[in-house]
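Working notes, beginning with the structure itself.
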Amino acid sequence: MKKKLLQNALISTPILALYVIGPLYIFKIFIFPDFLENVLALCLNIFLVWLINIYLCMRYRHYPNWKRLIVSFGINSFFQVLFMSIPQLFRSENPFPHEQYVFYPILTFIGFNAIILLLCNSTLVADNKASADIEIQKLKFQNSEAQKKILQQQLHPHFLFNALSVLKSLIREDPREAGLYAVKLSDFLRYSVKAPTQITVPLHEELEFTIGYIELQKARFENSFSCNIDVPLSANDLKIPVYALQTLVENAFKHNYFSEKNPMHLDILYQNRKLKVTNNKVSLKITERSGTGLSNLNERHRIITGNEIIVEEDDLTFSVTLQLLPA
28 MKKKLLQNAL ISTPILALYV IGPLYIFKIF IFPDFLENVL ALCLNIFLVW LINIYLCMRY
88 RHYPNWKRLI VSFGINSFFQ VLFMSIPQLF RSENPFPHEQ YVFYPILTFI GFNAIILLLC
148 NSTLVADNKA SADIEIQKLK FQNSEAQKKI LQQQLHPHFL FNALSVLKSL IREDPREAGL
208 YAVKLSDFLR YSVKAPTQIT VPLHEELEFT IGYIELQKAR FENSFSCNID VPLSANDLKI
268 PVYALQTLVE NAFKHNYFSE KNPMHLDILY QNRKLKVTNN KVSLKITERS GTGLSNLNER
328 HRIITGNEII VEEDDLTFSV TLQLLPA
């Protein structure tokens, strides 16, 4: 904020000086040879007022405005009297020789000090608002991360129970396939342990994790579903909120009844820095669709990317589009 106030001071000081002293030359109260000398003196005067007000704003930013106003006018009035009492700063002994203009310096000081105070307070309010918005965003993000961890704690036991049941069956039926399944399960769990420490991950990592999840489900549901993935290599390094893609795929499995006779089909498609996940509706589990998981994902996605997820739904399909971030 201090840098912004100093920038405002440097920009406004010559403008205020010309505005204050210009009429004196237009109406020939001063002669032109004194112009540059008086403009320079007035610029120093106004910049001093700026510095005093900047200090007050930085040092006493939590004080009420009226207190800062009183202190500002008190301190600056003292310096104005001191400044006007030094005739060496002016070419003539009396800078305002006409009696009708004796109050002009006082009025102009009140005017430009009021303007400077207004600019300082406006900058202070904007800075406080920006700081408050940042804190709110941090709190929202922390809340969404807490929701993510709670969701993981709820889902992992359920997922592990099903995965271990599948592994147990495979060990009896096909030991070689059971070994491959165990490796996939190990890779999946390794990523799920590492991922919560990150906010975003490269798309290829999230995609690989999701494919691992789909392959694990393939061992369980076999030919009851199919999946098509169309993501170019050029999109691999784009960023995606961690768990975002896997959550959408998992929701499709959670909220649909499907079988070999009535299969589910998933599409994961990339276009223009967006990732769209679509599934056909297959005997929806209406009682289980609370929408909490999707709502939590939307909140995390909005905070991280600045955009909400796009949900599209009709009688036959359900799709969600995610915004990807630059690498």
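Per my numbering, the very first residue in the sequence shown carries number 28; after that it's consecutive. Ideal placement from N, C-alpha and C gives every residue a C-beta, glycine not left out.
- For the stretch 252 to 316, the full-length beta strand (DSSP E) segments reaching 3 residues or more read 252 to 257, 266 to 268, 291 to 298, 301 to 307 along the chain.
- In this structure, Leu275 places its C-beta atom within 8 angstroms of the C-beta atom of Val347.
- Sequence-distant partners of Arg203 (beyond 5 residues in either direction) whose C-beta falls short of 7 angstroms from its own C-beta are missing from its chain.
- In terms of Cα proximity to Leu243, the closest of Thr40, Arg95, Leu33, Phe280 is Phe280.
- For Glu339, the enclosing beta strand (DSSP E) has its first and last residue at 337 to 340.
- CA-to-CA, the gap between Lys266 and Val152 works out to about 34 angstroms.
- Pro41 sits in a helix when the DSSP states are folded into three classes.
- When C-alpha distances from Leu321 are compared across Leu75, Asn307, His282, the shortest belongs to His282.
- Residues of the same chain with a CB within less than 7 angstroms of the CB of Asn325, apart from the 5 flanking positions on each side, are Glu335, Ile336 in chain order.
- The secondary-structure analysis by DSSP pairs Pro229 across a beta bridge with Lys266.
- When the Cα atoms are used, Tyr284 and Ser253 turn out to be separated by approximately 14 angstroms.
- In this structure the stretch 185 to 204 does not lie against the stretch 297 to 304, because fewer than three pairs of beta carbons, one per stretch, are closer than 8 angstroms.
- The beta-carbon distance between Ser310 and Asn289, rounded to whole angstroms, is 7 angstroms. This is short enough to meet the 8 angstroms contact definition.
- For Leu349, there is no enclosing alpha helix (DSSP H); the enclosing beta strand (DSSP E) has its first and last residue at 344 to 350.
- A straight-line Cα-Cα distance of about 42 angstroms links Gly239 and Ser158.
- Where Tyr218 is concerned, the enclosing alpha helix (DSSP H) starts and stops at 202 to 221.
- The distance from the Cβ of Ala354 to that of Asp264 is about 4 angstroms, consistent with a contact at the 8 angstroms cut-off.
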